Structures are given as structure tokens and as C-alpha cells.
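There are 2 protein chains.
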Amino acid sequence: MASTIGISLLGAGNIGGAVVAAIQHAGERYAARVGAPLEIRRVLVRDTSKKRPGIDPSQITDSIDDVLADEGTSIVVEFMGGEEPARAYIEAALRSGRHVVTANKEVMAKHGASLLQLAYDNGVRLLYEASVGGGIPVIAPLSRDLLANEVTAVTAIINGTTNYMLTAMTQQGATYEDILAEAQRLGYAEPDPSADVEGIDAAFKIAVLCGLAFNVDVAPNEVDRRGISTITSRDIAYAAQLGYVVKLLARARIVGGEIEATVRPTLVGAMEPLAKVDGVLNAVQFEGDLVGRVMFEGPGAGQGPTASSILADVLDVGQDVARDRKPLAFIPRRKLRVRPPEEHTSRAYLRIGVKDQPGVLAAIATALGDEGVSISSVLQYDPEFTGGDPGTAELVLTTHSAPGRAFNAALDVIRELDAALEIGNVLPMEG
Amino acid sequence: MASTIGISLLGAGNIGGAVVAAIQHAGERYAARVGAPLEIRRVLVRDTSKKRPGIDPSQITDSIDDVLADEGTSIVVEFMGGEEPARAYIEAALRSGRHVVTANKEVMAKHGASLLQLAYDNGVRLLYEASVGGGIPVIAPLSRDLLANEVTAVTAIINGTTNYMLTAMTQQGATYEDILAEAQRLGYAEPDPSADVEGIDAAFKIAVLCGLAFNVDVAPNEVDRRGISTITSRDIAYAAQLGYVVKLLARARIVGGEIEATVRPTLVGAMEPLAKVDGVLNAVQFEGDLVGRVMFEGPGAGQGPTASSILADVLDVGQDVARDRKPLAFIPRRKLRVRPPEEHTSRAYLRIGVKDQPGVLAAIATALGDEGVSISSVLQYDPEFTGGDPGTAELVLTTHSAPGRAFNAALDVIRELDAALEIGNVLPMEG
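Respectively, the protein sequence lines represent chains A and B.
Counting with our numbering, you get residues 18 to 448 for the letters of the first sequence.
Counting with our numbering, you get residues 18 to 448 for the letters of the second sequence.
So, in C-alpha cells, the structure goes:
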């Protein structure tokens, strides 16, 4: 049995502070769970001159070599964020025989498969619960409570910024531009908001979830990704009239031995649990063959929730260190064919700006019908409502299920119609 | 390593059928997880002449001795329900050195502490994920993902029948009597609905959750329990006007080293995640010092979800059997003082039928104020709305937080007022 479990931190800041504070506050309880007390050894920072409350200045260093040279360190915890040098440091820590706990979605999305293999090859573990969904439990339910199920789909609201924005657009009727400015003022959105609003952050996280839920390796650039910047107040209003709510869904599912992974603004039926996840909350829904659907909802970010997940991983691997247990057998991630969006099948919402003249609906319906897309409902909105020019209108169509390729082909025809002024949003529908 | 893991079932029926079917369908996957194949050994039924699809007739028996005499059985799975003889059979199985997996909320609520001790004394495990929340993962998130947290409260919607009824009363404006009849027709409610509508089922489950979340032993009769049979359509309508939804909440929390455990119809703020859990869905929300609130939502009953939880337990203990691992050290459940409702503190909603005459509100406000209960809002509804006699009215008051004892004392005074015709519901408010 190890007498203490030495932990070094890569990164300080808010999350590091919360981790250190929790270990100081709940040290006895953690020691009882782990079988040995946790001890902070080294803290890697960029600026060693800055004061870090709760951290002994002698532990602070700006050199990764210093951390790795510390023989008392058995677990390295990384929450620097960003791809490099975080990835290189994680690799070095694993090669030096240290267990690693990381909150880094970008590194795990891009390099998870090879780093997990490297960890196994070095007889250590790499844990990453905090890299997705903040404080929401994901790993243990999958590895224990849902183990009897074949998990076939994961659907998640996994970016707090965009969910906050879409919720405000829905509940307050705010415009995209106004609510983005407000989110930036409140600190929910970055000055450059593209990682959030273009779905880049969500794409990292769904790639990580593909590994967790299916043990399948999906690269972030294999995720079919669309952001929310094209969503208008009218899309939100039309969706509401149809009984739907617009959410940025990150989704992965196994279909016929292949995988689909998407991040897309989606019309979600208003009675669905995911439709009711509002504000900065996140949620992850799993579908299993026995259990049906279960959803986990909670804070997707924040120092306390992130520290909660990091410490869960630390306590887990700490038990191994205390008892000198070796990692379990390792199953390398599978690589499945990633289905391109043309092969994805879904119902869809189409918003099309048209000249308000006879025959236009017939032409659009014909273009869709020729590709086998069958229409479920049609609504027409006049300039009075749309704010468009006189003599124009907006058609909102919903369809039955059809493959992406059929929609694309039909839209190519519609785009050429003299009466079609604008193909607005084409969004999948769920529930 | 064991070559096969022998499982005997106490009870057949739908859930047993689903468990057997899953083992047949996914046997290879389960064997890979466990380290040895699962094998059904004996199936205990009341009526041995009935056909059981998927079960070999030679495995069927109506004698528990027959099951316990089978040396190939290392795990006994119980889903007979009810207190006896299930409790006695579980005890006998544990004493005979068999691991037990049970879905029995009544037995675990009433006898959990002593049976868990008995299991430990016999070197075996007793697992019961399926006894609460159907397919919703509860055990692994608590024992792994939330382990770094001090869990201080559990709040749950944990009875599908009453949630279905309250949802219909809210969304369709149905009366309690009409919706109860409909629920009985649909099979969601029993001919004698008292176990559901009086909160007895929910009290069993919150008692089980006290063990899981806090390792505290709470007997079902220590749960302060109220059902939904006194909830009127007007309560639902008044709550809606105040921005609340009426839900039957099962709740437990640790306060000052003591425990509160309640099942009560509660006004839940409409924006709260629990307020949006509708129909037969269940949800369990945990509050931890680091993570804040996380909520797990899913099917609370049904053969697939229940089989999912039972099999999660079977695979977990099966891994121990395959590797000949001994159970971990056992921490006996704590017994804390259970706070009586007079000591519980909450905001409250009060509906009081009165004579519509000057001074009545003043007298009620004085009675509350004298006990230190401060009023937050007052609404008055006339007979036109309430359907009451001319010259009467209904007062709906909401209060700031106060102890149960203060409400009781004030209500004793109000009850004696000449102008007070009826103390309607007094319900706690959350969120």
C-alpha cells in the first residue's frame, strides 16, 4: 500500500484552486475512500511570480521537467486546455509512468485513441470524465449501470453558451445578434465566439463521447458540424408554432455497423426531455436496447462541477495506486466508417423565401417529391410577419424522413426556381 | 476463475422473461464483460404448470430449497415483490453463501440495513439498483462520479402513476377523480391505488435512497408521507398562476447531522428541471457540495428498464465471482435522528376557504405573523372561479421560509376563526 498519493497539477487558475481547496477541505474523507491521503506535490504555471491562494510557493514551477522529476508524483492532473503543449505534457507524463487525469476535450477528441493506447502500454491509466459535460456523470453510468445495454445513440446538449442563447431567443424573443452581445457581456460567450456558436466545442465533446459510449474513434473533423449563427428569430417562432424547440444537438449513433456523428441546430419536439433543458445547463441522453432513454442533466461547466469530475477520476485512479492494482485489459478503440451527411436519414424543417405567386408551392413540392421526399406540413408567412419585401413570402415545410442526399438534390432544383428567393435553414427534426 | 456464473431467479413473469431474453440475446457480450458466461440454473415460480417462454421446464421449481440446493448457483436474483416470503428467501440465499440481486423496494426499505450486514457477514454481496428508479442509474454515479462530493440532498419524482396523474391534471385540467379512473383503465394505477396515490411506494424508495446517498438507515415509517388525493384542480391552477407546478416529491436531506425524509405534494418552480419531468417518467436529483445539482431522468418502471438495472448488478457481482474477488470492506449504515416535520423549514403555499367579509385576511395574516411566518403573496378567488357558495372566497397565500411547528400553531388559530371555513392544502414550495 502506498503511504500517500502524490498529485501534481498542470495549470492553476479557478479549477486548480477548486481542486486544491476540495483536497484540503475533504482530505480525510478522500483518504478513507482511496486508502491513503492525497498530497499535492507540484503545480505547473506559466507565471511563477503570481500568488496562488492555498498553494505552497515551493510547489510552484514553470517547468514540466521539474514535475516529472518529482518521484513522489503518481498522478498528473491537466487542465491547461488547448492542444499544445497540453498534449505533449500528457504524453510525457504517461511515458514517465504517471497516471493522467485530464479535463482537455480538444486533446482527447483529437488524440484520445493514441494516448489511451500509450497509457496502456506504460501500465498506467488516462481518465477524462471532466472533458465532457462538466459535472454530469457519464463514465460510471456507461461502465456500470448501463453495462447490460447495447448503447446505440448518444444525444447531448453539451455547449452551455449556445443553449443559453437559444433559450433566450425562445423565451424572450431576442435576436441572435442581441443575445450574443448579452452573452459576451455576461461572460458566457468569448469575444471571438466561434468555438461555441459554430459548434466546434460541441464537436470535440461528441467525438469524446463516441469513445466513451461506443469505444469508437471519431476525429473532430469527421463530425458533421453546423453552428447556430444562421438561426433567426423566425426559425424559433415557426418551430414553436409547430410544437418544437430549436436546440443545438450533438448526436452520435451506430447504424448498420457504421457511425453518424453530428452537431446541428435541431427542431426537438417540445415534450421531449431534451427540449426542456434550458439556459446554461447541459444534458446527455443515452439510448440503450433494454433501458430505452435515460438523460443526465446538470452544470456543463464551472469550477465546482469540473473539480467534481476531476476528483472523481483522481479518487478512482488513487484507489489503484494505493492498492498497487494494474489497469484492466485494454480494448483499443474501433474505427468505423463515418457516414457522410448525405446518408443520414431524418425528418426535416425547411424555410424557403419565395415570390408570393401561384404555382410556387407546387414547384417546390414537385422538386421534393421527385427525390422521394414526402411533405408533412406547409405553412406560409406573409411580409407582415416576416418583415420581407411586399410580394414575397416565407414557406415553412416539414417533411417525413428522407436521406440527406435527397434533400440536397431537391434543394438544387428549388434553388434554380425563378420564384425561390432564398433557401433559409434546413434543419433536422427529432421527437 | 469460475467457468460459468450460475444464476437462479426467484419469480418469473415479465421482468424474469426480459432478463432471460437479454442473457440469451447478449450472452457473448456479457461473458466478455464478466470473464465467464452467465447460465440460468433454477427459476422459482408459484405455478409450475404454466408455460414460461425461453425457460427450460426442467429448470422450473416451486421450492426455494430446490434453488438453494443447486450447487451451481452463485447469484440469486429476486423480483417476486412484496415483503414475505421475499425477505425470508433473500436471507436464506445470503446465509447459504449466494450473492443476491433484488428489485424489491419494500424489503430493502424495511430490512436493508440488516440484510446488508448479513451479506457482509457471509462474505457475499447484496445489490439492489433495480429497487429504486427502474432503469435510472443511481448507484454508480454516487459510488464513482460524485464520490468527491458531500451529497447533502436527494430529491426525486419516483412514482410514475402519481406523476402521470399530476401531469394530466396540469396539462389537460383533468380532475383527480377522472384521471385516477383513466390511469386505472390504462393500467398505470392499481384497482386499489393507495400504494401509489398515498405515497407509500415513494416512501419505500426514498428510504432506499437514504441508504444509497447517505449510508443512513431510515425506516419507511420514519418518512413524513402525504399523498396526492387531496390535490384539487384549483390547487394546480393556483400553482400555475404563481409560476409553479405541483409534483409529488420524495426528498431526503442531511441538516445539522440529522436527516429529513419526506414524500409530499410540492409546488416546484416551473423553470426547475424537476418541474419538467412529465408523465410516467421518473427523475432523481442529487445535490453535492462541488457539483451543485445533477438530475438523472428516465423510465421508472417497465420490464426492459428493470431488467437493465438487474443485469447491471448481475454483471457487477458476476465479475467478482469470475475472479473470486471478496467484497470490499463494509461500512454499516448510520442511524441519525430523523427530524419530525415540525422541525422542517420551508416556504409554503396555503389554500384557505373563508367567508368573504372584511377583516378575514387581517386575522389570518395576524395568526401567521404571531408565529413568525411572513407572507410573500396573497391571491383571493371568488365563487365564480372556485365554484363555492355565494359569500365565500378562497385565499391562496405563499409564505417565506418557516418551520413546520410555526405553520401548525398558526393554522390552529386560523381554524378557530369564525370566518375560516376550510383549511385546504398546505404544501411546501421549492425553487
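From the three backbone atoms N, C-alpha and C, an ideal C-beta is built for every residue, glycine too.
None of these values were measured; they are calculated from a predicted model.
Looking only at B:Ala126, B:Thr416, B:Leu226, the smallest Cα-Cα distance to B:Ala170 is reached by B:Leu226. Just measuring C-alpha positions, the residue of A:Arg356, A:Ala410, A:Leu298 sitting nearest A:Ile369 is A:Ala410. At least one C-beta of chain A is nearer than 8 angstroms to the C-beta of B:Leu164. If you compare the alpha carbons of A:Ala427, A:Ala329, A:Arg342 with that of A:Arg46, the shortest gap goes to A:Ala329. With a threshold of 8 angstroms between beta carbons, A:Met182 makes no contact with chain B. Judged by DSSP secondary structure, B:Asn442 falls within the beta strand (DSSP E) whose first and last residues are 437-447. For A:Ile276, the enclosing beta strand (DSSP E) starts and ends at 275-286. In the DSSP assignment, A:Phe313 is bridged to A:Val301, B:Phe313. At a cut-off of 8 angstroms between beta carbons, A:Glu289 makes no contact with chain B. In this structure, the alpha-carbon of A:Gly389 lies about 25 angstroms from that of A:Asp252. DSSP lists B:Thr409 as the bridge partner or partners of B:Lys372. Around B:Leu307, the beta-carbon contacts reaching into chain A at under 8 angstroms are Ala35, Ala39, Gly152, Gly321, Pro322, Ala324, Ser325, Leu328. Assignment of B:Val263 by DSSP, reduced to helix, strand and coil, places it in the strand class. Per DSSP, the beta bridge partners of A:Gln397 are A:Leu412.
Here A:Pro54 is not bridged, per DSSP, to any residue. When Cβ-Cβ separations below 8 angstroms define contact, B:Asp333 makes contact with chain A. Neighbours of A:Ala157 in chain B, taken as residues whose beta carbon is under 8 angstroms from its own, are Pro154, Ala157, Pro158, Ser160, Arg161, Asp162 in chain order. The residues Tyr47, Arg50, Val51, in chain order, have a CB closer than 7 angstroms to that of B:Leu332 in the same chain once the five nearest residues on each side in sequence are set aside. In the assembly as shown, A:Asp399 is an exposed residue. Its beta-carbon has fewer than 16 other beta-carbons within 10 Å.
Secondary structure at B:Ile223: helix, using DSSP grouped into helix, strand and coil. Taking 8 angstroms as the threshold, the shortest C-beta distance from A:Pro74 to chain B does not fall below it. Contacts with chain A at 8 angstroms (Cβ-Cβ) include B:Phe313. Using a Cβ-Cβ cut-off of 7 angstroms, A:Lys264 is close to nothing in chain B; its nearest Cβ partner there is about 14 angstroms away. For B:Arg351, the pairing in a beta bridge is given by DSSP as B:Val233. In this structure, A:Phe424 sits near A:Ala365, with a CB-CB distance shorter than 8 angstroms. Looking from the CA of B:Gly386, the closest CA among B:Pro357, B:Asp406, B:His417 belongs to B:His417. Judged by DSSP in its simplified three-state form, A:Glu388 adopts coil rather than helix or strand.
Closest in alpha carbon position to B:Asn31, among B:Pro54, B:Lys68, B:Glu56, B:Gly23, is B:Lys68.
For B:Pro316, the nearest beta carbon of chain A is closer than 8 angstroms to its own beta carbon.
For B:Arg350, the nearest beta carbon of chain A is not closer than 8 angstroms to its own beta carbon. Measuring C-alpha to C-alpha distances from A:Ser363 to each of A:Gln258, A:Leu229, A:Arg281 identifies A:Arg281 as the nearest.
Taking C-alpha positions only, B:Gln320 is separated from B:Gly274 by approximately 38 angstroms.
For the C-beta of A:Lys293, the chain B residues within less than 8 angstroms are, from N- to C-terminus, Pro290, Lys293. A:Gln134 and B:Asp83 have their C-alpha atoms some 48 angstroms from each other. At a cut-off of 8 angstroms between C-beta atoms, B:Ala43 counts as an interface residue with respect to chain A.
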